[in-house]
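Student:
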Amino acid sequence: MAIFLCKFVHFSLKLKILVPNIKAPFFCLFLVLLGYIGAAQNYKLDTAQAMQKVTHLIENGYLDSLKSYPEYIPLLPDSIQTLLSSSGALAAKDSSKFAPRKTRNDVETTVNYKAKDSIYFDLTNQKMYLYGDGSIDYGNIALTGERIEMDWVENTLRANYVLDSAGKKVGKPVFTEGGDSYETDDMVYNFKTKKALINGIITEQDGAYMHGARVKKNELDEMFIRDAKYTTCNHEHPHYYIQSKKLKVIPNDRVLSGPFNLYFGEIPTPIGFPFGMFPSPREKSSGIIFPSYGEDQNRGFFMRNGGYYFDINEYMDLKVTGDIYTNGSYGLQTQSNYKMRYKYSGNMSMRYNKTVSPTFEDDSYSKDFWVNWSHRPESFGTSRFSASVSMGTQSYSANANNVGYDYVQSVSSQFNSNVSYSKTFKGTPFNLTANARYSQNISTGATTLSLPEISFNASRIQPFKNVGNLKNTALGKLGFTYRMSMENEISNKGLSTPDYIINTSPATSEQIEFNGDNMEELMRRSNLGMKHQIPVSTSFNMLKYITVSPSFNYTEVWYPKELQYEYDATEGGVVVDTLNQFSRAGWWNSGASMSTRLYGMYNFRSKKIKAIRHVMTPNVGFSYSPDYADPSKGVYQEVQIDEDGDTAVLSKYEGFTYGGPSAGESASVSFSLNNNIEMKVKSKSDSIAEYNKIKIFDNLSMSSSYNFLAEEFKLSNINWNARTSFFKGAMYVNLSGTIDPYVYVLDSVENGSSGDSYYQRRIDKFAWNNGEGIGNLSRTSVSVGLKLTPKGAKKSEDEAPQDTNANNPLSQNDPFNSDNFEAGNVNNYISYDPNAYVPFDVPWSLNVNYAFNYSKTGYADAVITQTLNFNGTLNITDKTRIGFNSGYDMKEKEFTVTRINVSRDLHCWNLSFNWVPFGPRQSYYVRIAVNSQLLKDLKLDRRNQSTYTSF
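For the sequence shown, the working numbering gives the first residue as 972, with consecutive numbering after it.
1. What does Met-1396 pair with, by DSSP beta-bridge criteria?
2. Should Ile-1213 go down as buried or exposed, given a rule of 16 or more other Cβ atoms within 10 Å for buried?
3. If distances are taken between C-alpha atoms only, which option among Ser-1674, Val-1141, Glu-1649 and Ile-1283 comes closest to Tyr-1309?
4. First and last residue of the alpha helix (DSSP H) that includes Glu-1491?
5. Can you tell which of Trp-1558, Asn-1131 and Glu-1148 has its C-alpha closest to the C-alpha of Tyr-1629?
6. When the Cα of Pro-1589 is compared with those of Trp-1123, Ser-1641 and Lys-1578, which residue comes out closest?
7. Classify Trp-1880: buried if its beta carbon has 16 or more other beta carbons within 10 angstroms, exposed otherwise.
8. Taking the alpha carbon of Asn-1189 as the reference point, which residue from Thr-1203, Leu-1717 and Glu-1148 has its own alpha carbon closest?
9. Please go through the region 1835-1870 and give each complete beta strand (DSSP E) segment of 3 or more residues, from N-terminal end onward.
10. Please classify Lys-1163 as buried or exposed, where buried requires at least 16 neighbouring CB atoms within 10 angstroms.
11. Under a three-way DSSP split, which group does Gly-1487 fall into?
12. Return helix, strand or coil for Phe-982, following the three-state DSSP convention.
13. Hey, out of Val-1873, Thr-1867 and Lys-1864, whose CA is closest to Ile-1847's CA?
14. Determine the closest residue to Met-1448 out of Val-1519, Ser-1596, Gly-1103 and Glu-1481, with distance taken between C-alpha atoms.
15. Measure the C-alpha to C-alpha separation of Ser-1554 and Leu-1534 and round it to an integer number of angstroms.
16. Rank Lys-1325, Ser-1391, Gln-1365 and Thr-1326 by C-alpha distance to the C-alpha of Ser-1345 and give the top, closest one.
17. For Ala-1179 and Pro-1222, what's the separation of their Cα atoms in angstroms?
18. By DSSP's criteria, Glu-1120 is part of a beta bridge. Which residues make up the other side?
19. By Cβ distance, which residues of its chain are closer than 8 Å to Phe-1679, with the 5 residues on each side in sequence left out?
20. Starting from the C-beta of Ser-1522, find all residues in its chain whose C-beta is less than 6 Å away, skip the five residues before and the five after it, and write them out in chain order.
21. Rounded to whole angstroms, what's the CA-CA distance from Gly-1726 to Ser-1335? Just pull it up for me.
22. CA-CA distance, Asn-1824 and Glu-1863?
23. Beta-carbon separation of Gly-1271 and Tyr-1296 under 9 Å?
24. So what does DSSP say about Tyr-1367, is it helix, strand or coil?
25. Strictly by DSSP, which residues pair up with Ser-1228?
26. Cα-Cα, which of Asp-1617, Tyr-1570, Met-1587 and Gly-1635 is closest to Tyr-1595?
27. Is the region 1746-1764 in contact with the region 1706-1715, if contact means three or more CB pairs nearer than 8 Å?
28. If you compare alpha carbons, which of Phe-1249, Tyr-1859, Ile-1173 and Leu-1134 is closest to Leu-1909?
29. Flag this pair as touching only if the region 1640-1655 and the region 1573-1591 have three or more C-beta atom pairs under 8 Å; answer yes or no.
30. Nearest to Ile-1107 by CA position, among Val-1145, Asn-1096 and Lys-1139, is which residue?
31. Within its chain, find whatever has a CB closer than 6 Å to the CB of Asn-1524; leave out the 5 residues flanking it on each side and keep chain order.
32. Once the 5 residues before and after Lys-1073 are set aside, which same chain residues still bring their CB inside 6 Å of it?
33. Which whole-angstrom value describes the C-beta separation of Val-1620 and Tyr-1538, a residue pair presumed to lie in contact below a C-beta threshold of 8 Å?
34. With Tyr-1100 and Gly-1116 assumed to form a contact (beta carbons below 8 Å), what rounded beta-carbon distance in angstroms separates them?
35. Tell me whether Pro-1245 is buried or exposed, calling it buried when 16 or more other Cβ atoms sit within 10 Å of its Cβ.
36. Identify the residues that DSSP records as bridge partners of Glu-1175: which are they?
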C-alpha cells in the first residue's frame, strides 16, 4: 500500500505542472477512493464468501440473467435437461443442456436416461428419480422400469413396479448387462461393486429360463438364486421345470443345483436328484459328455454316447464317445469337425462296435467298423479337392440297426465313396481330374475300388476360328477336343466266362471277400487301362434352315496285358493265357447328322382358345465304322471252340476296363422325331396377361436306326416316348415303349409246374410283311404322379430339405435319435431325414404315384408289374400333424410297408408316434421329449420291440 501511495504522489506532481487547475478536485477524489479501499480490506473475508455463493448460483444455472456465463451445470457428468420451477422442483426440459465438469467421482462413462412422466433431481442428497416407463443406459448396463432411483452417493440403481387400478403389476424392471437380461419385481444394483440384490427374477441364458424368489449377484456376475425354477419353457408359468431351493449360475459355464425335483405344471414328480449340473457355455469348450441310459431287449441295460469333447482350437474339434451294454457289447466312436475359413471345411467319424447277441451261437460275437468322411472346398481357385467317403464292414448296418429304430437304414444297401482332385491350368484349355472311388453293396458283398481314376481333358479348340473371315464358315467352326482317361479297377466280383473256356485264371466266376488275405487274388483280377479320344466336328447350314454336323472320332486304348486263346484238343476246350506286355488298339468312326425345326400354328376363332402351336424337330444321322473283327487287324482272334470244328471270334481285350472296338462293319442311318405341342387359352384370373400357355405334350418322340451292312435284323427296335402334365404341374404322365419290328416263330411249348416254357425264334422278316402291323409291343411303361397341396403351400413343400446323407449307415436318418440334435442346428437335423421334417404351416398334402410296366417277347407270356405308392399329411390343428406312407402291390394284392406317424407340438415338448400296423416290421414307437438341446436327455421312449427309457 505504501508503494502505491508514493507512485500516486509522484504522478500528482507531474499533473501540477500540466494541469494546475484540477489538482485540488483530483486529490479529493483520491481520498474518497482510499476510504473504500480500507473498508474493503476490513471486510475481505465476508466478501469472498459472498462471491463464492454467487459463483455457485451462477455455475448451477440458478441465475439465468447472467448471460456472460454458459448455460451449463457441472453437477453430473451428463447432459441433464432441467428447468428451475418457482417451487424449487426440477422438471425435464429439452432446451437446457449441461456439460460435465471434471470432478472426481465413481462414474466411468456417460449416463443416458429418459422417462415418459417426469424426472426429479434431489440435489441435496444427489439422487435422481425417473417416473413412468423410465430407462437408464450406463456403459453395458441398461435398466427399464416404472420407477427408477439413481443414487450418486451410494452408487446404486433401484427399480420397482407399480400396481394399476386392477391391482396388476405394471412396468416390472428389466435389467440388462452384457448379453444377459433379467426381468424382476424390484432390484438394487451397485454400479461400482457390480453387485445386485434382486427379488422375483426371470432371466434367460442360452435358451434356459430361470425363475427365482430372491437373487444375489456378485462382482463375477455369478447368481445365487433362492427358490429357483430351471426350465426351457418361455411361459411365465412354465409347463415344466426343475424346482430347487438353491441354484448357482456361473456365466458362460454351467448352472449348479442343490436337491431338486421335476415338476409338470405345478404337480411334483418323484423324479429328483441330490444335486444337478446343467452346462451352458456360450463358446465351444472341452468337457464331459454325459451318456444316456436305458434298456435294450437284445443287449440288456446300456449307457450310450458318453465321453469327452475336445475343443482343440478354433479350426478343429474332436468328440470321443462310447457305448456299453450289460451283455458284453460295446462301441467306440470318434467324430471331428474342421473348418478353415474361405478354404475348406469337413467332418470325419469312425465307429467300432463289438456286438454280442443271443442270435449268435456259442457266445460268438461280431466286430464291425464304419468310416465317414466329408470334405468340401470353399475356395474358387484353379484347384479343388473334395471327398465323400462312407465305407465299412458288411455286417455293420445290420448289427447297428438293432441298437435303435432306423427304418431307412435297414433298407439301404449300396454305399458309394469318392475322393476327388481337379486342377485347371490357367491360360490353357487343359484340365486334370483324379478320383478314388469305392463302391460297396452290403447286401451282396460286391465291392469295387477304382484307384486311381484319372482324366486329362482339353476343351474344344477351333484352330481356324480367328483366321480371316472363316468364323461363321464350316472351316471356322471346325474344332476338336482331347480326352484321356485312365483307371485301375479292383473288384471282388466274379466274372462270367463262356462254357468253352476251360481255365478261369484270368477271370474267376466266384466272388471273394474284399480283405487283405485275398489281396494277391484281387490284384490279379485288377484291370488297368488307358483310353484316348479325339472327336473332331463342325457344323454348317444347308438351305438356310437345315443344320448339318459332320464328325470324326478316333479312339485308342492302352493295356499292360492282353489275352491269347488256344484250343486244347485233349480237354476239348479253349485255354486262355494272359500275356503281360504292352498292348494297344485304335479305331475310328465317322458320321454326319442333319436337323431342323418345323413350326405349325392353327388359329381358332373361339374366345377361349386362341391357337395351337406344333413344333417338330426331325433329326437324321449317318455313321460308319470299319470291321475290326478281321484277325489281320490284331484285335480279334478266330479260334476253334469244340470238337466239331466250330469257331468263334474272341477279343483279346475281353473283360478289360475299356474293352476294344466292336466287331462287324457298320453303316447306319438313325432317325428321330421330337414333337412339342402347346395351346394358348384365355386367362380367367390374370388381367395383365390376356392368354396363358398350356403344354399339351412336353415331348412326343420316336427313334430308330437302320444298319445297311448288317447281315440280318438291319432295322433296330423302335422306341417312343410321351410326356405331359396337367393342372400347372400338379399331375404328370409319362409313357414310353419299345416296338420289335420282326416276326417270331414258335417252335414248341412245354408245360411245367411253374408255367409254360416257349421255344421260339426271331426271324429276319418284318412284322408288317406278315400281317402283324408295325410290330410287337415288347415293352411299355406308364407312370402317373399326382401332388396335391393347398393353394400357396406348394412352394414350402418344394423347398423341403433334401436328404444329403443317404450314404451314411449311422442312425442319422432316425428322427427319434437324440444324437442328431447335438449340432444344435435344426437344418442339419432336417437334412438327415426329410420324412421327419414337420412343416406345421401346411394344412395337408397328398402324393400318389402309379407305375405300370409291361414286357413281352414273342409268344411268351407277358410280364406285368404294377405299383401304387402314396403318402400324405394332414394337420388336424396348428400343432397336430398326421402323416402316412404306404403302397399297394397289385400282383400280390396286398399293401406294402405302411407307416403312420402323428406329431404333436406341445410348446416346449414334442410328442411323436410312429406305427407300422402290419407286415414283417410291424411295430410302434412313442416318444415325448423336450425340444431344447439343454435338456435333450429329458425324454421318454416306448416301443413294442424293446424297453427303452431314459431321463
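We put the CB at the ideal spot given by N, CA and C, even for glycine. These figures come from a predicted structure and were not determined experimentally.
Tutor: Working from what's here:
1. Mapped onto the sequence shown, residue 1396 falls at position 425. At residue 1396 the sequence reads Phe, which differs from the Met that was named. Phe-1396 is not bridged to any residue.
2. The residue labelled residue 1213 in the question sits at position 242 within the sequence shown. It counts as buried.
3. The residue labelled residue 1309 in the question sits at position 338 within the sequence shown. The option with the nearest alpha carbon to Tyr-1309 is Ile-1283.
4. In the sequence shown, the residue the question calls residue 1491 occupies position 520. Start and end: 1490-1496.
5. As a working note, residue 1629 is residue 658 in the sequence shown. Per the Cα distances, Trp-1558.
6. For the purposes of this step, residue 1589 is identified with residue 618 of the sequence shown, where counting begins at 1. Considering only alpha carbons, the answer is Ser-1641.
7. Here residue 1880 refers to the residue found at position 909 when the sequence shown is read from its first residue. So Trp-1880 ends up on the buried side.
8. Counting from one through the sequence shown, the residue named residue 1189 turns up at place 218. When only C-alpha atoms are compared, the closest one is Glu-1148.
9. Qualifying beta strand (DSSP E) stretches, in chain order: 1851-1860.
10. Residue mapping note: residue 1163 aligns to position 192 of the sequence shown, counting from 1. Result: exposed.
11. Taking the first residue of the sequence shown as 1, we reach residue 1487 at position 516. Helix, per DSSP.
12. Locating residue 982 in the sequence shown gives position 11, where the first residue counts as 1. Summary for Phe-982: the model assigns pLDDT 47, below 50, so the residue's position carries little reliability; its value from the coordinates is reported in the next sentence. Residue state, collapsed to three classes: helix.
13. Residue numbering aside, residue 1847 sits at position 876 when the sequence shown is read from its first letter. Considering only alpha carbons, the answer is Val-1873.
14. In the sequence shown, the residue the question calls residue 1448 occupies position 477. It should be pointed out that residue 1448 corresponds to Lys in this sequence rather than to Met. Of the candidates Val-1519, Ser-1596, Gly-1103 and Glu-1481, the one whose C-alpha sits nearest the C-alpha of Lys-1448 is Val-1519.
15. Counting from 1 along the sequence shown, the entry for residue 1554 is found at position 583. Counting from 1 along the sequence shown, the entry for residue 1534 is found at position 563. Cα to Cα, the separation comes out at about 10 Å.
16. Translated into positions along the sequence shown, residue 1345 becomes position 374. Checking every option, the nearest Cα to that of Ser-1345 belongs to Ser-1391.
17. Mapped onto the sequence shown, residue 1179 falls at position 208. Mapped onto the sequence shown, residue 1222 falls at position 251. Each residue's alpha carbon lies about 12 Å from the other.
18. As a working mapping, residue 1120 is identified with position 149 in the sequence shown. Paired residue(s): Tyr-1100 and Arg-1129.
19. The residue given as residue 1679 occupies position 708 in the sequence shown. Cβ neighbours of Phe-1679 beyond the five flanking positions: Ala-1638, Ser-1639, Val-1640 and Lys-1685.
20. On the sequence shown, residue 1522 is found 551 positions in, with the first residue counted as 1. So the list reads Ser-1508 and Gly-1562, once near-sequence residues are dropped.
21. Along the sequence shown, one-based indexing puts residue 1726 at 755. Along the sequence shown, one-based indexing puts residue 1335 at 364. Approximately 44 Å between the Cα atoms of the pair.
22. Locating residue 1824 in the sequence shown gives position 853, counting from the first residue. Locating residue 1863 in the sequence shown gives position 892, counting from the first residue. Computed Cα separation, rounded: 15 Å.
23. Taking the first residue of the sequence shown as position 1, residue 1271 is located at position 300. Taking the first residue of the sequence shown as position 1, residue 1296 is located at position 325. Cβ distance < 9 Å, so Gly-1271 and Tyr-1296 count as in contact.
24. Along the sequence shown, read from residue 1 onward, the residue named residue 1367 stands at position 396. Of the three classes helix, strand and coil, the one that applies to Tyr-1367 here is helix, per DSSP.
25. As a position in the sequence shown, residue 1228 is number 257, starting the count at 1. Answer by DSSP bridge pairing, in chain order: Leu-1218 and Gly-1247.
26. In the sequence shown, residue 1595 corresponds to position 624, counting from 1. Out of Asp-1617, Tyr-1570, Met-1587 and Gly-1635, Gly-1635 has the C-alpha closest to the C-alpha of Tyr-1595.
27. Contact between the region 1746-1764 and the region 1706-1715 is present, because at least three Cβ pairs lie under 8 Å.
28. By one-based count along the sequence shown, residue 1909 stands at place 938. That would be Phe-1249, whose Cα lies nearest to the Cα of Leu-1909.
29. yes
30. In the sequence shown, the residue the question calls residue 1107 occupies position 136. Looking at the Cα atoms, Val-1145 is the closest of the given residues.
31. Position 553 of the sequence shown, counting from 1, holds the residue named residue 1524. The beta carbon of Asn-1524 sits closer than 6 Å to those of Pro-1506 and Asn-1560, all from its chain and outside the five residues before and after it, given in chain order.
32. Reading the sequence shown from its first residue, position 102 is the one you call residue 1073. Residue confidence is low: Lys-1073 scores 44 on pLDDT, short of 50, so the model does not pin down where it sits. Its coordinate-derived value is still stated next. Answer for Lys-1073: no residue qualifies.
33. Stepping through the sequence shown from its first residue, residue 1620 is reached at position 649. Stepping through the sequence shown from its first residue, residue 1538 is reached at position 567. At roughly 14 Å, the Cβ-Cβ gap does not stay under 8 Å, so Val-1620 and Tyr-1538 are not in contact.
34. In the sequence shown, residue 1100 corresponds to position 129, counting from 1. In the sequence shown, residue 1116 corresponds to position 145, counting from 1. Actually they are not in contact, since the Cβ atoms of Tyr-1100 and Gly-1116 sit about 12 Å apart, beyond 8 Å.
35. To locate residue 1245, count along the sequence shown from 1; it is residue 274. Exposed: under 16 other Cβ atoms inside 10 Å.
36. Working through the sequence shown from its first residue, we reach residue 1175 at position 204. Per DSSP, Ser-1152 and Tyr-1180.
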